[in-house]
Amino acid sequence: MSSRSSAAVARSAGTDRTLTTLLALVALAGGVVVLLVGAGVFGSGRAGRSLVDPIAIDLLRANRSLALVLALVAGLLLVLLGLWWALRSLRPESKPDLVLDGSRGSRLTVSSGAIAEAVHADAETVPGVERARVRLVGDPDNPALRITLWLRQGSDVRDIWNGLDTQVLSRARDALGVERLPAAVRIELDAAEGSRVS
Amino acid sequence: MRILLRLLSPALGLAVAGVGALIALEAGWTLARPPSAPLVVPWKQWRDQLTGFTWSDSPVLVVGGALVLLGLLLLVLAGSARRHDVPLTDPADDVTVVTSPRSLARLVGHRVRAEDGVRSASVTAGRKKVRVRATSGLSTEAELRPTLTSTVNDLVGSLPLASKPRVQVVVDSPKDRR
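Those protein sequence lines, which keep their order, are chains A and B. Take the first sequence: its position 72, counting from 1, is numbered 72 in our numbering, and each next residue is one higher. Add 1000 to a position in the second sequence, counting from 1, and you land on the number used in our numbering.
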């Protein structure tokens, strides 16, 4: 298993998960502090004080410009972070074309759709495979194939698994003339009714 | 849960950006023209209203509780959005093969239901464990369980799974209740 092929299994949700966790921790910490102060854990005097603490207000008034500049910078950082996050999760996953010859003066690329279509046709000829879906993912320098195979009921998984590299992937590599083409294959077992022999 | 996170992420991102924009706008406006009223958010009014609340007032505690709840929900969402794929052994370098827990459960379910004496079965599967719950009208648990366990073990063993999951079979039979 290479990291490139295992990364191609599915679109990564890592950034979304990290940022959501961060947001969750901020909300959780804020809520816990409010509850603890309100419950009098930091003294009943503190619990009975106003939310807008005069000491804090005096401190902010004394450093008015500094506080406003800090708020401005923090606000702008939040804008950048939020927009980056939203755009990143809305952007469709890239479908890189494969550059076969990137030398100076000549440039030979194969479109991701053409590769996907060719591999798709090959994959559906493997006995036991009912349906296949293929796409090229990753960045243009490190493309990888993502293949989903729906198998017929009763088909031999081990045979198909053996044939994947020898029949489908090696043909794709030969046809494109590349030595490496990492692939992530998702197999949906028993997905369709098998053909019954009468 | 992964799809929920994918749907929610742009909304959360825009919410963070929106809050940041309002903070930056009001801070910048107040910095530039100190005596004037707030631009969009009536924060001076809010501040005066908040002065009337203490930390132990119930609306404040309710808001604190709601924040804790929101935080926990988002934590669960982020935690459960990881991949649950069942890995198969790699047929070659640069090739990763996985299957889904649902399709593994479907395969096991088809096989179990085809066994004699099984009336119905439900299966949950993961990379570590396959759990079968079968009901039978004809056989007792003692009769059927060893057969089903070995059938499922053979089936799971015949798949090129990266690690063999543990098989657990429970048979629910009315004959056992007599």
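Ideal Cβ positions, reconstructed from N, Cα and C, are used throughout, including at glycine.
Checking the DSSP bridge columns, you'll see D58 of chain A has no partner listed. Annotation for T18 of chain A: the continuous alpha helix (DSSP H) segment containing it runs G14 to G38. G38 of chain A and V1060 of chain B do touch by the CB rule: their CB atoms are close to 6 Å apart, below 8 Å. For the pair of segments examined, the stretch 87–99 of chain A was found to touch the stretch 1007–1022 of chain B: the number of CB pairs separated by less than 8 Å reaches three. Those residues of the stretch 1139–1167 of chain B placed with their C-beta closer than 8 Å to a C-beta in chain A are S1158, L1159 and P1160, ordered along the chain. When Cβ pairs closer than 8 Å are counted between the two stretches, the stretch 183–194 of chain A is seen not to touch the stretch 57–68 of chain A, the count staying below three.
Using a 10 angstroms sphere on the CB of T1089 of chain B, the tally of other CB atoms stays under 16, which defines it as exposed. Closer than 9 Å at the C-beta level to chain A, one finds these residues of the stretch 1016–1031 of chain B: V1016, A1017, G1018, V1019, G1020, A1021, L1022, I1023, A1024, L1025, E1026, A1027, G1028, T1030 and L1031. Interface criterion met: the Cβ of T1099 of chain B is under 8 Å from a Cβ in chain A. With contacts defined by Cβ atoms closer than 8 Å, P1038 of chain B and K1044 of chain B form a contacting pair. Residue contact check for I187 of chain A against chain B: a CB pair falls below 8 Å.
By the Cβ test, the stretch 176–188 of chain A is in contact with the stretch 1095–1102 of chain B, since at least three Cβ pairs between them sit closer than 8 Å. The contact set of H1084 of chain B on chain A, defined by CB atoms closer than 7 Å, is empty, because the minimum CB distance reaches about 11 Å. The shortest C-alpha to C-alpha distance from V9 of chain A to any of A:L181, A:I147, A:N162 and A:R152 is the one to A:I147. Check the Cα spacing between G163 of chain A and each of B:G1020, B:S1056, B:V1123 and B:P1091: the tightest is with B:P1091. Excluding its 5 nearest sequence neighbours in each direction, L19 of chain A has C-beta neighbours in its own chain below 6 Å: W85, listed in chain order. Chain B places a beta carbon closer than 8 Å to that of D16 of chain A, counting this residue as a contact. At least 8 Å separates the beta-carbon of R1111 of chain B from that of T1147 of chain B. Chain-ordered, the chain B residues with CB closer than 8 Å to the CB of D190 of chain A read S1103, R1106, L1107 and H1110. Under the three-state reduction of DSSP, E188 of chain A is assigned to strand.
Using a 10 angstroms sphere on the CB of T1030 of chain B, the tally of other CB atoms reaches 16 or more, which defines it as buried.
Against chain B, the CB of D165 of chain A has a partner CB under 8 Å away; the residue lies at that interface. Chain B places a beta carbon closer than 8 Å to that of S89 of chain A, counting this residue as a contact. The three-state reading of DSSP puts W1043 of chain B in helix, counting H, G and I together. Interface flag for A74 of chain A against chain B is set, since a Cβ pair is found closer than 8 Å. CA-to-CA, the gap between V99 of chain A and E124 of chain A works out to about 26 Å. The DSSP-derived three-state label of D139 of chain A is strand. If you check each beta-carbon in the stretch 115–132 of chain A against every beta-carbon of chain B, none falls closer than 8 Å. Every alpha helix (DSSP H) stretch that sits fully inside the stretch 52–97 of chain A and reaches 4 residues is listed by chain position as 54–62 and 64–90. Considering only beta carbons, the part of the stretch 142–163 of chain A lying closer than 8 Å to chain B consists of Q153, V157, R158, W161 and N162, in chain order.
A straight line joining the alpha-carbon of L35 of chain A with that of V1063 of chain B spans about 9 Å. Across the structure, L136 of chain A and R11 of chain A are spaced so that their CA atoms are roughly 12 Å apart.
Taking 8 Å as the threshold, the shortest C-beta distance from R1006 of chain B to chain A falls below it. DSSP places S1009 of chain B in the uninterrupted alpha helix (DSSP H) bounded by R1002 to A1032. Proximity of D1094 of chain B to chain A, defined by a Cβ-Cβ separation below 8 Å, is satisfied.
Taking a beta-carbon distance threshold of 8 Å, T1054 of chain B counts as an interface residue toward chain A.
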